[in-house]
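What follows is a single structure, written as structure tokens, with notes after it.
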Amino acid sequence: MQANNRQQQRRIEALINHIQPSSIDKQYTCPLDINNCSSSSNDQNQKFVKNMSNSSIWGNIPTAPRDPILGLSEAFREDTSSNKVNLGVGAYRTEEGKPLVLKVVQKVEQMLLEKHLNKEYLPQDGLDEFNKVSPKLLFGADSKAIKEGRVVCTQSISGTGAVRLGLEFIKTFLPAGTGLYVSFPTWSNHIQMCQSVGVPVGYYRYFDNKTLGLAFDDMIHDLASFPNKSVILLHACAHNPTGVDPTPEQWSKIADVIQQKGHYTFFDCAYQGFASGDLDKDAAAIRMFVDRGMELLAAQSYAKNFGLYGERIGALNIVCSNTETAKAVHSQMKYIVRGLYSSPPLQGARIVATALSDPELFNLWKEELAAMSDRIKEMRVLLYNALKKRGTPGNWDHILNQIGMFSFTGLQKKHVQRLVNHYHIYLTDNGRISMCGLNRSNVDYVADAIDDCVRNH
Numbered sequence: 000m001q002a003n004n005r006q007q008q009r010r011i012e013a014l015i016n017h018i019q020p021s022s023i024d025k026q027y028t029c030p031l032d033i034n035n036c037s038s039s040s041n042d043q044n045q046k047f048v049k050n051m052s053n054s055s056i057w058g059n060i061p062t063a064p065r066d067p068i069l070g071l072s073e074a075f076r077e078d079t080s081s082n083k084v085n086l087g088v089g090a091y092r093t094e095e096g097k098p099l100v101l102k103v104v105q106k107v108e109q110m111l112l113e114k115h116l117n118k119e120y121l122p123q124d125g126l127d128e129f130n131k132v133s134p135k136l137l138f139g140a141d142s143k144a145i146k147e148g149r150v151v152c153t154q155s156i157s158g159t160g161a162v163r164l165g166l167e168f169i170k171t172f173l174p175a176g177t178g179l180y181v182s183f184p185t186w187s188n189h190i191q192m193c194q195s196v197g198v199p200v201g202y203y204r205y206f207d208n209k210t211l212g213l214a215f216d217d218m219i220h221d222l223a224s225f226p227n228k229s230v231i232l233l234h235a236c237a238h239n240p241t242g243v244d245p246t247p248e249q250w251s252k253i254a255d256v257i258q259q260k261g262h263y264t265f266f267d268c269a270y271q272g273f274a275s276g277d278l279d280k281d282a283a284a285i286r287m288f289v290d291r292g293m294e295l296l297a298a299q300s301y302a303k304n305f306g307l308y309g310e311r312i313g314a315l316n317i318v319c320s321n322t323e324t325a326k327a328v329h330s331q332m333k334y335i336v337r338g339l340y341s342s343p344p345l346q347g348a349r350i351v352a353t354a355l356s357d358p359e360l361f362n363l364w365k366e367e368l369a370a371m372s373d374r375i376k377e378m379r380v381l382l383y384n385a386l387k388k389r390g391t392p393g394n395w396d397h398i399l400n401q402i403g404m405f406s407f408t409g410l411q412k413k414h415v416q417r418l419v420n421h422y423h424i425y426l427t428d429n430g431r432i433s434m435c436g437l438n439r440s441n442v443d444y445v446a447d448a449i450d451d452c453v454r455n456h
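Quick note on numbering that gives the first Met the number 0: the sequence shown kicks off at 0 and runs consecutively.
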């Protein structure tokens, strides 16, 4: 026992001697015999603990700015006005202004409940059944790339997680300093994620503020001017925030420039089926690029089109030139996931995989998708007609011409501020509105407010 005590004492002495005196505050050091610290040392230690309790090692961290979109929802909830309207929310709402749980989702959840399935961890790359059907939805059931085993699908934490996985892949395997270019404007989180990962980010011109449409010539010029083998991030459909999409002919020219420059393509597809109501039409641009033999990344989200916002279900697809490369990419994607979050969520993957695999459920989902898309289109028509009826200054054709959940109204920041502060109508500073926030009960109120802001302010 005494020998053991002596060995322990020597170990403590060696540890104390190893520590540099400059790295420790001497007034708080304790005598070597830790069992017989003096009362004065105990008093000093207590003072040290007390001082620490009154401050924080995180005390110099500044408060982060409120998210421009999520902050709107917070402000809307705090507003007590009976006239308040939320046109900032990026989620579908019914005619009554309520969230919608699709019938197909309810059916599948009941089916899963009756199976008494377990809640074990998924593999790093996700649920196998999901990873088989998700690429077919995006690239087509008859996709040559899928049949040849050249598509790597990794289940992700919704579309945001899919983009983040893609950025991690780009950062790891493309040459250092490779730049990624996004449209101006784009979804703000694209920029934040690039900065977080350390991928240099720049812009290509996209929106024409005069026509409130696509600045196509400027976009082509910019894509051609970037260094060869840059990464170009494209919105597959229902561009966020503008609602402006290229035509099929314009998509073909975009693909031409990207191939000529040797650029890498990264599609973000958050609204397949939700934009036009047609799953194939909304995926046409991606399929065009793949049919040309182009290797690319494509992020998918099932938040909007399945209404699975909180289930966080999505996928990152990487199209490779051959199966051997695909196998290597698959292994690396699992490695990347392991270091980020280890395993993706289970329930959303089961819901989507079940619905996409069953013909009856799949048809029900398509019907509900079309209904959501049709309501959004109807709100565009109602708002346009209401503004025309009032003779609101300006051309409002873009409300009809744009597509998907959002409309870039062309309203100036001063108009937005008046809409928020005076009319309790919430939208982002750049004038983007979510058409889902409109309904037959509030569209005239919104039109009156817009008319006043544009006409008088």
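Where is the CB? At the ideal position from N, CA and C, for every residue including glycine.
What you are looking at is a predicted structure, and each value in this text was computed from that prediction instead of being measured.
Query                                                                                                               : Result
Unbroken stretches of the beta strand (DSSP E), 3 residues or longer, contained in the stretch 94-158               : 150-156
DSSP bridge partner residues for residue 299 (one or two, in chain order)                                           : 268 and 314
Residue 283 beta carbon less than 8 Å from that of residue 161                                                      : no
C-alpha distance - residue 409 paired with residue 429, whole-angstrom precision                                    : 8 Å
Buried or exposed (CB count within 10 angstroms, at least 16 for buried), residue 321                               : exposed
Given 8 Å, three or more beta-carbon pairs between the stretch 158-174 and the stretch 332-347                      : yes
Whole-angstrom C-beta distance between residue 360 and residue 106, which should lie under 8 Å                      : 7 Å
Straight-line Cα distance separating residue 357 from residue 63                                                    : 45 Å
Neighbourhood of residue 412 by C-beta, 7 Å cutoff - its chain only, sequence neighbours within 5 removed           : 428
Assigned secondary structure, residue 232 (DSSP; H/G/I helix, E/B strand, else coil)                                : strand
Reduced DSSP secondary structure (H/G/I, E/B, other) of residue 443                                                 : helix
DSSP three-state assignment for residue 288, whether helix, strand or coil                                          : helix
Cα-Cα separation between residue 419 and residue 426, rounded to whole angstroms                                    : 7 Å
Closest by C-alpha distance to residue 124, when choosing among 379, 326, 364 and 367                               : 326
Inter-stretch contact at 8 Å, needing at least 3 Cβ pairs: the stretch 304-313 / the stretch 88-105                 : yes
Sequence-distant residues of the same chain with beta carbon closer than 8 Å to residue 443, five excluded per side : 385
Check whether residue 182 and residue 152 have beta carbons under 8 Å apart                                         : no
Sheet register partners of residue 201 (DSSP bridge)                                                                : 180
Per-residue DSSP class, three states only, for residue 162                                                          : helix
CB contact flag (residue 446, residue 389, <8 Å)                                                                    : yes
Distance between residue 145 and residue 403 (C-alpha atoms, nearest Å)                                             : 28 Å
Contact set for residue 275: own chain, Cβ-Cβ below 6 Å, skip 5 residues either direction                           : 281
Beta-carbon spacing of residue 68, residue 311 below 8 Å                                                            : no
Reduced DSSP secondary structure (H/G/I, E/B, other) of residue 438                                                 : coil
Validate contact between the stretch 226-235 and the stretch 284-298 using beta carbons, cut 8 Å, 3 pairs           : yes
Rounded C-alpha distance that separates residue 438 from residue 372                                                : 14 Å
Between the CA atoms of residue 136 and residue 147 - distance to the nearest angstrom                              : 16 Å
Contained beta strand (DSSP E) runs [length at least 3] in the stretch 359-417, N- to C-terminal order              : 405-407
Buried/exposed call for residue 198, threshold 16 Cβ in 10 Å                                                        : buried
Residue 318 to residue 433 span [Cα, whole Å]                                                                       : 32 Å
Residue burial classification, residue 449 (beta-carbon count within 10 angstroms, cutoff 16)                       : buried
Beta-bridge partners of residue 263, as assigned by DSSP                                                            : 230
Pair within 8 Å by beta-carbon distance, residue 295 and residue 264                                                : yes
Per DSSP, cross-strand counterpart(s) of residue 206                                                                : 213
Residue from 95, 417 and 71 whose Cα sits closest to the Cα of residue 86                                           : 71
Straight-line gap, residue 81 to residue 392 (C-alpha atoms, nearest Å)                                             : 28 Å
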